[in-house]
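Structure, as structure tokens:
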Amino acid sequence: MKTPLWKRKLVLTFAGILTLSFMAGTIARADDDNDSARLQGTWVVTVTQRDCTSGAQLGAPFLSLLTFAKGGTMTETTSNPMSFPAERGPGHGVWSQISRHRYSASSIALITLNGALTTLQTITQTIKIGDDPDQFQTTKAKVDFFTPAGTLVRSGCATATGARYR
1 MKTPLWKRKL VLTFAGILTL SFMAGTIARA DDDNDSARLQ GTWVVTVTQR DCTSGAQLGA
61 PFLSLLTFAK GGTMTETTSN PMSFPAERGP GHGVWSQISR HRYSASSIAL ITLNGALTTL
121 QTITQTIKIG DDPDQFQTTK AKVDFFTPAG TLVRSGCATA TGARYR
């Protein structure tokens, strides 16, 4: 028994739509993967501490190194003169893509005194890569300090610009 022509056309049309939908989804995922790869790597970052209310600069800018790994992890080291290397360890954290060329990143660092944990520092920021894939900007980073028990001690804000390390 033959299938009516209209049914064959319907099945072929439906199969074509499914194929095109699958291909479009694959291409979109590939574009997202390529875009998220833009942040991967090591960046030399100039950080400027700011008053959270007025935006006024607090102190001189300093350098940090941020490394964003494939899969969404990150590490950070800072030269902030307010943190002695023997007291503040490197930051460890996670990052993810928010939208095209925009990413969120959060990290945590341990601050010790004479080997005893005194404070936890967290940094949360949104990173934007513009037309130049080797430059980024953070317009507002939130910096919080907590006791080991989790009580907020103080907060701060910062801006940053990053240049890809090559």
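Heads up: the sequence shown is residues 1 to 166, going by the numbering used here.
For every residue, glycine included, the Cβ atom is placed at its ideal position computed from N, Cα and C.
Can you have a look at Arg154 and say buried or exposed, based on whether 16 or more other CB atoms are within 10 angstroms of its CB? Position 154 of the sequence shown, counted from the first residue, corresponds to residue 154. Answer is exposed; the Cβ neighbour count stays below 16.
Any idea if Leu63 is buried or exposed, counting beta-carbon neighbours within 10 angstroms, 16 or more meaning buried? Within the sequence shown, residue 63 is the residue found at index 63, counting from 1. A residue is called buried once 16 or more other Cβ atoms fall within 10 Å of its Cβ, and Leu63, having fewer, is exposed.
Please report the residue range of the beta strand (DSSP E) in which Asp144 lies. Residue mapping note: residue 144 aligns to position 144 of the sequence shown, counting from 1. Asp144: member of the beta strand (DSSP E) spanning 135-146, first to last residue.
Thr124 vs Ala141 beta-carbon contact at 9 Å: Within the sequence shown, residue 124 is the residue found at index 124, counting from 1. Within the sequence shown, residue 141 is the residue found at index 141, counting from 1. Yes, Cβ-Cβ distance for Thr124 and Ala141 is below 9 Å.
Comparing C-alpha positions only, which one of Phe136, Ala116, Leu117, Met82 sits nearest to Leu58? Indexing the sequence shown from 1 puts residue 58 at position 58. Out of Phe136, Ala116, Leu117, Met82, Met82 has the C-alpha closest to the C-alpha of Leu58.
Proximity winner among Phe136, Val47, Ser96, relative to Arg164 (alpha-carbon distances): Along the sequence shown, read from residue 1 onward, the residue named residue 164 stands at position 164. When each option's Cα is compared against that of Arg164, the closest is Phe136.
Given Ala56 as reference, the closest of Gly162, Ser104, Thr139 once Cα atoms are compared: In the sequence shown, the residue the question calls residue 56 occupies position 56. With distances taken between Cα atoms, Ala56 lies closest to Thr139.
Compute the beta-carbon to beta-carbon distance between Arg174 and Thr126, rounded to the nearest angstrom, for a pair I have assumed lies under 8 Å. What is shown of the chain runs 1 to 166, which leaves residue 174 out entirely.
Ala105: buried (16+ other C-beta within 10 angstroms of its C-beta) or exposed? Residue mapping note: residue 105 aligns to position 105 of the sequence shown, counting from 1. Under a 10 Å Cβ-count criterion, Ala105 is classified as buried, with 16 or more other Cβ atoms of the shown protein chains found around its own Cβ.
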